[in-house]
Amino acid sequence: MPDWDVDLFSKPKTPEEKALSVTQLLRRMKNLLEVQIGETWVEGEVSNLRKQGSGHWYFSLKDEGAQISCAMFGARSRSGSDALVDGAKVRVFAEASVYEARGQLQIIVKKAELAGAGDLQARFEALKRKLHAEGLFDSDRKKPIPTYPRTIGLITSGTGAALQDMLNVLTRLHPR
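The following block contains the structure:
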């Protein structure tokens, strides 16, 4: 049983106090999340849906203020297949967790259901329709891309290496 009385975020009392390994810290964080939050319903919009050959599905669930990585494993992914499409607004029943290999906060989805049209995707599609109606996507408005750029803008610090990096790449790609 994990030691739940440990304060993960206090400073060591002495320099000699044993430090946690990265794995130990992440495992404790994962245990705390799973116990404190457990399983809950989360609502958001699906984006970046990736279906793996293994049957696992990975995607992001987002709203206007934040996003979280999601994993749906094996047979569970088939049960939520109607609801999970990019841009769909969904409700998922999931468990908060940490993917220890990357130290990444995620939720493990156990069930997904459609919750309506996605607001973010709907606004994006509405903007595309508006711009299309204004003729901004018409081929006669498009300008050909020049073979070589005549002007390049670079914003960097005066002491940064970005300018020299860019000049080196340009010289390598387009020698005189």
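Counting from 1, position 105 in the sequence shown corresponds to residue 186 in this note's numbering; the numbering is continuous, with no gaps. Every residue gets a Cβ at the ideal spot worked out from N, C-alpha and C, and that includes glycine.
Is DSSP giving residue i helix, strand or coil here?
i    : result
A177 : strand
E120 : strand
S141 : strand
L195 : strand
V166 : coil
R68  : In the structure displayed, the chain extends from 82 to 257; residue 68 sits before or after that span and is not available.
R183 : coil
R172 : strand
A147 : coil
A242 : coil
M82  : Only weak support is given to the placement of M82: the predicted model assigns it a pLDDT of 46, under 50, and the question is left unresolved by the model.
Counting C-beta neighbours from all protein chains within 10 Å, is the total for residue i 16 or more, i.e. buried, or is it exposed?
i    : result
V250 : exposed
Q245 : exposed
W138 : buried
G134 : exposed
K99  : exposed
E145 : exposed
E97  : exposed
K211 : exposed
K224 : exposed
L101 : exposed
F140 : buried
G197 : exposed
Can you check which of these residues, the options, is closest to residue i by C-alpha distance?
i    : options                   : result
M153 : V171, A147 and K132       : K132
L130 : A242, G168 and G146       : G168
V123 : R108, E115 and A175       : A175
K191 : E181, L165 and Q117       : L165
R231 : H255, R172, A177 and K143 : H255
Q187 : D163, I149, L201 and E194 : I149
I189 : K111, R257, V103 and T104 : K111
Residues bridged to residue i by DSSP?
i    : result
I236 : DSSP, once it has assigned bridges, lists no residue as partnering I236.
K132 : W138
V127 : L142
M153 : W138
V190 : A175
Pull up the CB-CB distance for residue i and residue j, whole angstroms please, since I reckon it's below 8 Å.
i    : j    : result
E115 : A177 : 7 Å
State yes or no: is the beta carbon of residue i nearer than 9 Å to at least one beta carbon in chain C?
i    : result
S220 : The chain inventory of the structure shown lacks chain C, comprising one protein chain alone.
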